[in-house]
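>
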Amino acid sequence: MGVSRRQLLRFGAAGSAAVLVGASAASSGRFRTPRWSADPFTLGVASGDPTPDGVVLWTRLAPDPFAPDGHGGMMNHPVTIDYEVADDERFHRVVARGSAVATRELAHSVHPEVGGLAPDRWYYYRFRAGSVISPIGRTRTAPPHGHPTARMRFAFASCQSWSSGYYTAYEHLAQEDLDLVVHLGDYIYERAWTQGRQGLSLGTEFQDEAVDLPTYRLRYALYKAEQPLRDAHAAFPWLVTMDDHEVDNNWAAGSPGLGIDIHLIPALFRRRRAAAFQAMYEHQPLRLAQLPRGSGMHLHRRYRFGDLAEITMLDTRQYRTPQACGGNVSAGCTDRFDPDRTILGAAQRDWLLDGFASSPARWQIVGNQVGMSQTDSDPGPELAVSTDSWDGYVADRNTVLGAAADRGVRNLVVITGDRHQNHAAHLRRDYADPESPVVASEFTGTSITSGGDGADMNDVGRRLLAANPDLEFFNAQRGYVRVELDHGLWRNDFRVVPYIRRPGAPIDTRASFVVQDGVPGVREAWRPEAPAEPIPGSDIVAGPTRGTR
C-alpha cells in the first residue's frame, strides 16, 4: 500500500514530514547507523529535476538488494544519512551539507532537495551512512529562466527490459557530453517477457509478474544492480516519467492491462497501482511533489533551460480513457474519433496548452510516452493504427497540435519512447485532411534492450515507410537518442548498438536529423549516398525529405 500523508506526520518530532519521505531534515536528533556487513549503497546514487538553484538527490540503503521481502536487507528502524555537494570531485570545496532520514516505509530511500546552489554549474555529491561513503555522483543546475543560453545537449531513452539483454547502451551514454538525461518510461518491466541474455539464469522471484510492493521493489533492485545504469545515473541529472510496464502492460487510468475484465477487480488494481507508484518513487530521483498519494502520482511537470528550451514531461497513462477497439493495431476503428476520448485528461491537457502560451523558450520539447504521429501499419488502402497510441485519441492530438499552431509555438518537438524503434516524422495538424500543414516534429527513440538485438531494417519498417509519407526514417536496433540544440538548429543523432544479447557492443550514429528554427518538420542530415544542400545559418548539410510539406 502507498504511504499516506497522515503517516508522514508520525515522525513530526524528528524533523517533520521530511523524515519519512527522505527529504532534507533539520533535526537535532540522529537515528542510529548499523554496523554494515555489506555495502549499503549497492543501488548507486542519482540526481534529477534540476532548477537554477538546486536539484534533488537520491540513494537507497540496500546491503542485500534481492532480499525476498523487498526491504534490501535493512532493519525496521530509521537511519540518518548525510550528504555533501561540492564544486570539485575531491570535495575540497563543499558548498552544501545536510542529512536525510531513511525509513522502512520507503525502503530506506532518501530524496533530499538541495537548494542555494549557483545556476548553470556542475557539482559533485555523495552520501555517507556511518563509516561507509557512497559512490560519487555528478549533477548540474539549470541556467536561470529566460537567461541567454547558447547550447544544450541531452539524451533520451526508454524501454529497458533487463532480461532481454545487456545495458551496453548505457555504458556509452555515460561517456557522452550531456547536460541531462530524459527517460520516457518502461524503466522496469513487470515481468520477464523475453529472456534474451546469453548465460541468463533468472530466479522465479524475477520471472513471476510483479503485483505488490515487495515484487516491484525487487524489479527495481534487479535493474539498478546493473553497473552501466548506475553509471549513467551518476553522470548526469535525469528527468523521469513512466509508461505502462512500471505498472502493467497497456494499463489505462483505473483499468489494468488489456484482456482483463476490469469490472471484477478495480479495487485490486488500485492497490497494485499504488504499490507500483510507491516503488517508482523509492527508486528514482523525484521530488516531494511526486510522492504518490495512494494510487495517484503527479508526474507531469516542466523543466526550463535558460531561454533555449522547455521540456514538458507528460503522463499519458493515469488520466486516459481506456483504449478503443481492443487497444491493438486496428483498421476501421471509428471510436478513436470520439471527441470525449482523452489520453491526457482535461486538467493535464489545459496545463499543457497554457504552457504553450506562456513559455518564452526557443524550443518547446514534449516528453511523451506513446507515438503521436499517425502511424499506419497497412501500406494498402486500409488505415490500420494502434489505439494505444495517440492514434486512438484523435481529438486530443488535434487539440494539442492545433493549439500549438494557433498560439504561435515557434518550434515544437515531441520526443517519444515505447516503440522499440527509431523514427523521425513530421506532425500534421489534422491527419484527416491531406492538405493539413506540418506544425511540429517527432523523434521516437528505440529501446535500450527491449525487443532483442533488433535490425537496421525489417518487414515492419518497410511497411511503415511505404504507408506513411510523413515518416522520414526507420531503424529497429537498440540504443538511445542524443540531441544538441542551439537557437538556430536541433540536431538529433540516433545512437545504436549492433547487439545486446551479449555484452561489449560498440556504438555508432546510425543517422542524424535536424529541425531548423522556425521550420516545422524533420530533415535528415547529410549522408555520402544522398544528395545534399546546406542549411542556412549552419555548417550542416541535409538531404531531401520523403514527405511533402
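Just remember that our numbering sits 1484 ahead of the position in the sequence shown, which is counted from 1. Even for Gly, the Cβ is constructed at its ideal location relative to N, Cα and C.
For Ala1497, does the three-state DSSP call read helix, strand or coil?
The sequence position of residue 1497 within the sequence shown is 13, counting from 1. Confidence at Ala1497 is low in this model, with a pLDDT of 29, below 50, so its placement is unreliable and the value that follows should be read with caution. The answer is helix: DSSP assigns Ala1497 an H, G or I state.
> Report yes or no: do three or more beta-carbon pairs, one from the segment 1515-1529 and one from the segment 1752-1761, lie closer than 8 Å?
No: the two stretches stay apart, fewer than three of their Cβ pairs being nearer than 8 Å.
> Counting along the chain, where does the beta strand (DSSP E) carrying Tyr1567 start and finish?
Residue numbering aside, residue 1567 sits at position 83 when the sequence shown is read from its first letter. Element bounds for Tyr1567: Val1563 to Ala1570.
> For Ala1909, name the three-state secondary structure that DSSP assigns.
Within the sequence shown, numbered from 1, the residue matching residue 1909 stands at position 425. If DSSP states are grouped into helix, strand and coil, Ala1909 belongs with the strands.
> Can you pull the DSSP bridge partners for Glu1926?
As a working mapping, residue 1926 is identified with position 442 in the sequence shown. Bridge partners of Glu1926: Val1898 and Ala1909.
> Does the distance from the CB of Arg1801 to the CB of Trp1735 come in under 8 Å?
Locating residue 1801 in the sequence shown gives position 317, counting from the first residue. Locating residue 1735 in the sequence shown gives position 251, counting from the first residue. Cβ atoms of Arg1801 and Trp1735: closer than 8 Å.
> Quick one: give me the first and last residue of the alpha helix (DSSP H) that Leu1468 is part of.
Past the boundaries of the shown model lies residue 1468; the chain is included only from 1485 to 2033, so the question cannot be answered.
> Once the 5 residues before and after Arg1490 are set aside, which same chain residues still bring their CB inside 6 Å of it?
Position 6 of the sequence shown, counting from 1, holds the residue named residue 1490. For Arg1490, the pLDDT reaches just 40, beneath the cut-off of 50, and the residue's location in the model is therefore unreliable, although a value from the coordinates is still provided. Nothing meets the Cβ criterion.
> With burial defined as no fewer than 16 other Cβ atoms inside 10 Å of the residue's Cβ, what is the status of Leu1770: buried or exposed?
The residue labelled residue 1770 in the question sits at position 286 within the sequence shown. Leu1770 comes out buried.
> Does Glu1689 come out as helix, strand or coil in the three-state DSSP assignment?
In the sequence shown, the residue the question calls residue 1689 occupies position 205. Looking at Glu1689 - three-state DSSP - the assignment turns out to be helix.
> Along the alpha helix (DSSP H) that carries Leu1702, what are the first and last residues, could you check?
Sequence index remark: in the sequence shown, residue 1702 carries index 218 (1-based). Residues Leu1697 to Lys1708.
> Buried or exposed, going by whether 16 or more other CB atoms sit within 10 Å of the CB of Trp1646?
On the sequence shown, residue 1646 is found 162 positions in, with the first residue counted as 1. Trp1646 should be labelled buried.
> Indicate whether Asp1548 and Ala1522 have their beta-carbon atoms separated by less than 8 Å.
The residue you call residue 1548 lines up with position 64 of the sequence shown. The residue you call residue 1522 lines up with position 38 of the sequence shown. Contact: yes.
> Taking Cβ to Cβ, would you say Pro1655 is nearer than 8 Å to Ala1639?
As a working mapping, residue 1655 is identified with position 171 in the sequence shown. As a working mapping, residue 1639 is identified with position 155 in the sequence shown. For the sequence presented, residue 1655 should be read as Glu rather than Pro. Not closer than 8 Å, so no.
> Does Met1636 come out as helix, strand or coil in the three-state DSSP assignment?
To locate residue 1636, count along the sequence shown from 1; it is residue 152. Here Met1636 sits in strand by DSSP.
> Could you check what DSSP says for Ser1615 in three-state terms: helix, strand or coil?
Working through the sequence shown from its first residue, we reach residue 1615 at position 131. Coil at Ser1615, not helix or strand.
> For Met1941, tell me which candidate among Ala1586, Pro1982 and Arg1605 has the shortest Cα-Cα distance.
Position 457 of the sequence shown, counting from 1, holds the residue named residue 1941. Selected option, being the one with the closest Cα: Pro1982.
> Find the nearest neighbour of Ser1779 within the set Met1797, Arg1757, Thr1796 and Tyr1765, judged by alpha-carbon distance.
On the sequence shown, position 295 is the one that residue 1779 refers to. Checked all of Met1797, Arg1757, Thr1796 and Tyr1765; the closest Cα to Ser1779 is Arg1757.
> Suppose you measure from the CA of Val1850 to the CA of Glu1926; what does that come to, to the nearest Å?
Taking the sequence shown and counting its residues from 1, one reaches residue 1850 at position 366. Taking the sequence shown and counting its residues from 1, one reaches residue 1926 at position 442. Taking the straight line joining both Cα atoms gives about 9 Å.
> So what's Ser1648 in DSSP terms, helix, strand or just coil?
Counted from its first residue, the sequence shown places residue 1648 at position 164. The answer is helix: DSSP assigns Ser1648 an H, G or I state.
> Leaving out five residues before and five after Arg1975 in sequence, what residues of the same chain have Cβ atoms less than 8 Å from its Cβ?
Residue mapping note: residue 1975 aligns to position 491 of the sequence shown, counting from 1. Result list for Arg1975: Val1967, Glu1968, Leu1969, Ser1996, Phe1997, Val1998, Ala2009 and Ile2024, in chain order.
> In three-state DSSP terms, what is Pro1534?
What you label residue 1534 is simply residue 50 of the sequence shown in a count that begins at 1. Note: Pro1534 maps to strand in three-state DSSP.
> List the whole-angstrom C-beta distance separating Ile1672 from Tyr1707, where the pair is believed to meet the contact cut-off of C-beta under 8 Å.
By one-based count along the sequence shown, residue 1672 stands at place 188. By one-based count along the sequence shown, residue 1707 stands at place 223. Their Cβ separation, rounded to whole angstroms, is 5 Å, which keeps Ile1672 and Tyr1707 in contact under 8 Å.
> If the criterion is Cβ atoms closer than 8 Å, does the pair Ala1653 and Arg1962 meet it?
Locating residue 1653 in the sequence shown gives position 169, where the first residue counts as 1. Locating residue 1962 in the sequence shown gives position 478, where the first residue counts as 1. Yes.
> Across which residues does DSSP place Asp1992 in a beta bridge pair?
For the purposes of this step, residue 1992 is taken as the residue at position 508 of the sequence shown. Asp1992 is bridged to Val1980.
> Between the Cα of Thr1587 and those of Tyr1608, Ala1546 and Pro1619, spot the shortest distance and give me the residue it belongs to.
Working through the sequence shown from its first residue, we reach residue 1587 at position 103. Checked all of Tyr1608, Ala1546 and Pro1619; the closest Cα to Thr1587 is Ala1546.
> Out of Gly1621, Val1724, Ser1648 and Arg1577, state which residue places its alpha-carbon closest to the alpha-carbon of Ala1641.
Locating residue 1641 in the sequence shown gives position 157, where the first residue counts as 1. Among Gly1621, Val1724, Ser1648 and Arg1577, the Cα nearest to that of Ala1641 is on Val1724.
> Is the CB-CB distance between Leu1662 and Arg1637 below 8 Å?
Stepping through the sequence shown from its first residue, residue 1662 is reached at position 178. Stepping through the sequence shown from its first residue, residue 1637 is reached at position 153. In this structure, Arg1637 lies closer than 8 Å to Leu1662 by Cβ.
> Do the segment 1595-1606 and the segment 1532-1541 make contact, defined as three or more Cβ pairs closer than 8 Å?
As far as the Cβ criterion goes, the segment 1595-1606 touches the segment 1532-1541, which means the pair count is three or higher.
> Quick one: which unbroken alpha helix (DSSP H) runs of 4-plus residues sit fully inside the segment 1739-1827? Chain order, please.
1750-1767, all fully within the segment 1739-1827.
> Under a Cβ-count criterion, where at least 16 other Cβ atoms within 10 Å of its own Cβ denotes burial, should Thr1699 be classed as buried or exposed?
For the purposes of this step, residue 1699 is taken as residue 215 along the sequence shown, with counting starting at 1. Looking at its Cβ environment, which holds 16 or more other Cβ atoms inside 10 Å, Thr1699 is buried.
> Using the Cα positions of Pro1619 and Ser1870, report the straight-line distance between them to the nearest angstrom.
Sequence index remark: in the sequence shown, residue 1619 carries index 135 (1-based). Sequence index remark: in the sequence shown, residue 1870 carries index 386 (1-based). Each residue's Cα considered, the two are about 43 Å apart.
> Report yes if the C-beta distance between Ala1444 and Arg1820 is below 8 Å; otherwise report no.
No statement about residue 1444 is possible, as the shown extent of the chain runs from 1485 to 2033 and does not include it.
> Tell me whether the beta-carbon of Asp1571 lies closer than 8 Å to the beta-carbon of Phe1611.
Locating residue 1571 in the sequence shown gives position 87, where the first residue counts as 1. Locating residue 1611 in the sequence shown gives position 127, where the first residue counts as 1. No, the pair does not count as a contact, with Cβ atoms beyond the cut-off.
> Just the Cα atoms here: how many angstroms apart are Pro1524 and Trp1847?
As a working mapping, residue 1524 is identified with position 40 in the sequence shown. As a working mapping, residue 1847 is identified with position 363 in the sequence shown. Cα to Cα, Pro1524 sits roughly 41 Å from Trp1847.
> Smallest Cα separation from Val1598: which of Ile1617, Arg1777, Arg1825 and Glu1568?
The count along the sequence shown starts at 1 and reaches residue 1598 at position 114. Checked all of Ile1617, Arg1777, Arg1825 and Glu1568; the closest Cα to Val1598 is Glu1568.
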